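Chemist:
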Amino acid sequence: MGHKKAVKRKVKKMETGLDLIMPNNIVALVAIALFIGVIAVNYAIYAGTAKYSNAPAIQGQVTGSVRFCINTPPNTGNSCPTHVNVSSSYYCNISASDDDGHNITYYDSTGLYNVTELGVISFIPSISDLGQFHTIVTIADNSSCSNANTSKDVNFSICLEPTWDNFRNYETTNLTLFDCWNNVADFRLGMPNMASINFTEDVGIDGYDFDSYANLSRNFMNINITYLPGLMTGARITFYNLTLESPTIIHDGEVCSMFDCIALSLTNTSITFFVFELSGSYYVTEQNTIQVYDDTRYYVRYSGEQVKFYANYTYMNNQPLTGADCNLSFYSSGAYDAGRPMEYNDTTKVYEYSRNFSRPGNYTYRINCSITGSHANDTSFATITNRPPVLANYLPNETWNQNTILTGRDLDDYFMDPDGDNLTYTYTALANIVISINPTTHVITLTPDPAFYGNESVYYIATDNFAAKTTSNLVGLTVIQVIGAYSPGPEVVPGGGGGGGGSAALIAPCTEEWKCDEWGPCLPTFIQVRQCTEMNIECKTTLKKPELSRECSYFPTCTDRIKNGNEEGVDCGGPVCPACANCFDGIQNQGEEGVDCGGPCDRCASCRDGFRNGNEEGVDCGGRCAACPSCYDEIQNQHETGIDCGGECPVCPNCGDGTRNGGEEGIDCGGPCQPCGFFEARSPGRVSFFAISLMLVLVLIAIYVMNRKRIDKFVTEARPFAMPVKKKKVKKQEYFAQLEKDYISKIAVLEQKVQLLDSKSIIEMLNGLFSRIVSDLLGIGYEASYDELRKEMSFKKMDSKKFETANKFMKEMEELKFSTAEIDKNRVLALLKESKAVVHAVEETAMKYFALGLESMEMIIDQVEKLIAQNSPTEEIREHYGKLMQKYKMLSAEDKKKYYDKIMSIGLELNKKMKMEKMM
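Numbering (the numbering used here), first residue to last: 4 to 923.
As structure tokens, then:
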């Protein structure tokens, strides 16, 4: 009885997994099975072994026949073309023959073409077929002899001329001289007087798009090796028109090491260096570099306004060089002047100098900076913008008598030039009045035709030394008829009567009845004018028409638009009239654009003129302009080295400041810094806590190992009753919607400010706001350019019509960004409205892209699998792919949707690595 209980307990222990000892009877059964198996295998080997026989050998004679096959193999026929261009027809008639007269059959070894039964190869290659091909055509004579077949090598290249329109010049190899471009010797690519690349090895450049993926300019070149892999070889690079003393070669933003770049020659105007594997961007710089510029690069400056000149003199690592001597010289009369010293600004970290100019024009200057052991210089030019003449006063209309010459109006009383230019005057042509303007005094003379009386009108045009023009108001010219002043002969009417011929008869006498208005006021031309009407409508004569004008005494007024009397200007000054207009009278007059600004006065304040004016709190900020930069505006500005830190703001967080900041998980560790150590904390209490926690974890692991099956069973049974706990996450859809909502609210603010701010400022703010919000919606981690936004919209398959609308909007924004013309306020409002529609379209595109299902992702994975199968990647790539797929398979279905971008990157990364592997 006791024995049975013991057995039951032992079985129970085995079922619960607490006793892992195998019973003896099972061990014995296993041993017996192994023994029987060994015997069976040995028997099978013995039974299958050949045995020698002791039977006697058979002896005798054997007869038979031997067959010989005498045959001449087919010849290989004609040779085939060695190359063909994409979309052109490849044709080869092999036309093999057989000396024995056998029928010939052809077989090919490629899927690129099919050889016909007559031995003809004919096909049209596509761009995907680019490359060199080694194929074999088997020619069989069907004789069944061992030499019945002959193999013919058909080797050819499928070619495509590169796209090189931007490089068709004497610095570039003439690619039209080649039939194929898969092995071009001594290839040269260049831009005259700027840069050239001379390849030291033969390169294959079939179908390369140099216009899109090669950029050569003054002291800069960039080769996109992803799309031009055949150029990743040794090359000599030359930059022209450079003046350098101690040049340093920069490759992809870093100093190129002696193992990658070797300087070959340096002259007064060029530098040549050799690179072992051409890729990316290159330029050369002095060990210390200088950048020179001035206010006119960013702002319009007029004569008399202060212009600031800058020299950014830095080490090669862009750190400023303080304590240098910088001198600014201007070019005049064929040479640079002695110059003047510049001062270092501790805030802007550049050397500065300010001055004004009395005349518009371009002023060439040079800045030399030197410090112990090094110096640098550069030249540029400042543009002082010309202002057009100003119509300070309206010209009066003129009325005078027929057959009289009128003179006296001086155009200098009505026009002025804010830059002090000498003005010349012209006018619009008239049919009946001759106008002349004295070239020295600029006084107008009006001479009507003798028979003319009536009305004409004219514009006067003032032109300055720079061909800028301003037009006057429309001036009315009225010539009054003077009775008897001009007699063309008796008035006649067509005669009547019958018979042959006609005659002219005098108008029959009649009684004229004229009624005249009262005389008008005395005009500045010293005449009074009235209108007279013939009351006898039957009477056609004017023999008794009264005079329409008479002389009078004119007394100047302060409103006649003439400088007369004792006036100092037109209708101003002197003892009677108001003071003449000036730039401080609080009135918009004398051609001003605003109250006491613009026209002949200083410029009107704006939020983009580079001056602190108006009610601004800083230069172009505060007051009616956008808020001035601060250390709390979440924008990197005002010489900050990070967002709201560095420069004038507190020091930016870093991994060595002894403070937990900048997204760190601990003091100077985690987040952007190196991972925190397990025992990173310094306090004894924290160390003890972690030690105790570790011990508890080890104890729990031990308990689990000892009771694993029981615990697993409990968890399985309890799982249906467990409440799922999920972290609260903001859904992607909600995030996109919130971005659009925030954008619309900010646009509403801009719409309210359209009438308060100048249009250019609104456009600048719209540009920045639009770029940032669209970059966020498209998942770009920075404020992208419009070209980058277009590519991302296309990549995310934006609807074609919506893409066209977005592209049109961005093109107009780009044009307005660099335009100097005034922008209509209504157009600004329309652009703000259009931007909301474009952002909504981008938000829909982002939502659609995010909502792509698992089916699309699985298709991508299939494509990656095909890439691996077709390209035979290295173990490194296989290992990388395996790790990525391991992570992917661990995700839930929902998480796979959320991590769609990561899945896409698998294919992109593999594709990139495989391309690089092919280049090696």
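Here a beta-carbon is modelled for each residue, glycine too, at the ideal position from N, C-alpha and C.
Remember, predicted model here, so these are calculated numbers, not experimental data.
#1: Measuring straight from C-alpha to C-alpha, what distance separates VAL206 and ASN186?
#2: Just curious, the alpha helix (DSSP H) that GLY233 is in, first and last residue?
#3: I'd like to check one pair, LEU426 with ILE438: are the Cβ atoms closer than 8 angstroms?
#4: Please report the residue range of the beta strand (DSSP E) in which PHE126 lies.
#5: In the structure shown, what three-state DSSP assignment does ASP520 receive?
#6: What's the gap between the Cα of CYS575 and the Cα of ILE565?
#7: With DSSP as the reference, please indicate the residues paired to SER439 in a beta bridge.
#8: Is the region 841-855 in contact with the region 795-810, if contact means three or more CB pairs nearer than 8 angstroms?
#9: Pick out whichever of ALA470, GLU737 and VAL303 has its Cα sitting closest to the Cα of PHE853.
#10: Under three-state DSSP, which class holds GLN755?
#11: By alpha-carbon positions, which one of PRO76, PRO165 and LEU133 ends up nearest to SER149?
#12: In whole angstroms, what is the alpha-carbon distance linking PRO382 and THR443?
#13: How about TYR354 and ARG343: do their beta carbons lie closer than 8 angstroms?
#14: So what does GLU346 bridge to, in DSSP terms?
#15: Taking ASN348 as the reference, which of VAL598, ARG358, THR325 and GLU280 has the closest Cα?
#16: Among residues of its own chain, excluding the 5 on either side of VAL598, which ones have a beta-carbon nearer than 8 angstroms to its beta-carbon?
#17: Whole beta strand (DSSP E) runs in the region 270-346 with 3 or more residues, listed along the chain?
#18: Distance, Cα to Cα, PHE529 vs LEU834?
#19: Taking just the CA atoms, how far does CYS561 sit from GLU570?
#20: Would you call the region 750-763 and the region 783-798 touching, i.e. three or more CB-CB distances under 8 angstroms?
#21: Of the residues ASN400, PHE333 and GLU743, which one's Cα is nearest the Cα of SER2?
#22: Would you mind giving the Cβ-Cβ distance between CYS964 and LEU551, rounded to the nearest angstrom? I have them listed as a contact below 8 angstroms.
#23: So for SER475, helix, strand or coil by DSSP?
#24: Would you kindly check if the distance between the Cβ of TRP184 and the Cβ of GLU164 is under 8 angstroms?
#25: Helix or strand or just coil, what does DSSP make of ASP111?
#26: Which word fits ARG830, buried or exposed, when buried means at least 16 other C-beta atoms lie within 10 angstroms of its C-beta?
#27: Return the bridge partner residues of ASN150 from the DSSP annotation.
#28: Work out the CA separation of TRP517 and LEU546 for me, nearest whole Å.
#29: Specify whether the region 468-479 and the region 390-397 touch according to this definition: at least 3 beta carbon pairs, one from each stretch, less than 8 angstroms apart.
#30: Do you know offhand how far PHE181's Cα is from LYS155's?
#31: What do you get for LYS800, buried or exposed, if any count of 16 or more other CB atoms within 10 angstroms of its CB means buried?
#32: Which same chain residues, not among the five before or five after VAL482, have their C-beta less than 7 angstroms away from its C-beta?
#33: What does DSSP give as the partner residues of MET194 in its beta bridges?
#34: For the region 307-314 against the region 253-271, are there 3 or more C-beta pairs whose distance is under 8 angstroms?
#35: Once the 5 residues before and after ASN359 are set aside, which same chain residues still bring their CB inside 7 angstroms of it?
#36: Beta strand (DSSP E) containing ALA465: first to last residue?
Modeler: If we stick to the structure as given:
#1: Taking the straight line from one Cα to the other gives about 5 angstroms.
#2: Per DSSP, GLY233 belongs to no alpha helix (DSSP H) and is neither H nor E.
#3: Taking the C-beta atoms as reference points, LEU426 is found no nearer than 8 angstroms to ILE438.
#4: Counting along the chain, the beta strand (DSSP E) containing PHE126 begins and ends at 123-126.
#5: Here ASP520 sits in coil by DSSP.
#6: Going from the Cα of CYS575 to the Cα of ILE565 covers about 10 angstroms.
#7: According to DSSP, which records beta bridges pairwise, SER439 is partnered with THR448.
#8: Because the criterion of three Cβ pairs below 8 angstroms is met, the region 841-855 and the region 795-810 touch.
#9: Among ALA470, GLU737 and VAL303, the Cα nearest to that of PHE853 is on GLU737.
#10: In the three-state scheme derived from DSSP, where H, G and I count as helix and E and B as strand, GLN755 is classed as helix.
#11: Cα-wise, what sits closest to SER149 is PRO76.
#12: Residue identity check: residue 382 is Thr in the sequence provided, not Pro. Approximately 41 angstroms between the Cα atoms of the pair.
#13: No; because the gap between Cβ atoms is not below 8 angstroms, this pair is not in contact.
#14: In the DSSP assignment, GLU346 forms a beta bridge with GLU355.
#15: The candidate whose alpha carbon is nearest that of ASN348 is THR325.
#16: Closer than 8 angstroms at the Cβ level, and outside the excluded window around VAL598, lie GLY589, ILE590 and GLN591.
#17: Listed in chain order, they are 273-278, 283-289, 291-297, 310-318 and 328-335.
#18: Near 57 angstroms, if we compare the C-alpha coordinates of LEU834 and PHE529.
#19: Answer to the nearest angstrom: the Cα atoms are 8 angstroms apart.
#20: Three or more Cβ pairs closer than 8 angstroms define a contact, and the region 750-763 falls short of that threshold against the region 783-798.
#21: There is no way to answer for residue 2, as the model of the chain reaches only from 4 to 923.
#22: Only positions 4 to 923 of the chain appear in the structure, and residue 964 is not among them; the question remains open.
#23: Collapsing the DSSP output to three states places SER475 in coil.
#24: In contact: GLU164 and TRP184 (Cβ atoms closer than 8 angstroms).
#25: ASP111 carries a strand assignment under DSSP once its states are collapsed to helix, strand and coil.
#26: So ARG830 ends up on the exposed side.
#27: Beta-bridge partners of ASN150 (DSSP): none assigned.
#28: Cα to Cα, the separation comes out at about 11 angstroms.
#29: Between the region 468-479 and the region 390-397 there are three or more C-beta pairs closer than 8 angstroms, enough to call the two in contact.
#30: Cα to Cα, PHE181 sits roughly 27 angstroms from LYS155.
#31: Per the 10 Å Cβ criterion, exposed.
#32: Once the five neighbours on either side are set aside, the close Cβ partners of VAL482 are TRP403, GLN405, PRO451, PHE455, TYR456 and GLY457.
#33: ALA198.
#34: Judged by Cβ distances under 8 angstroms, the region 307-314 makes no contact with the region 253-271, as fewer than three pairs qualify.
#35: The beta carbon of ASN359 sits closer than 7 angstroms to those of GLY307, GLU308, GLN309 and VAL310, all from its chain and outside the five residues before and after it, given in chain order.
#36: Following the DSSP letters along the chain, one finds ALA465 inside the beta strand (DSSP E) bounded by residues 463-466.
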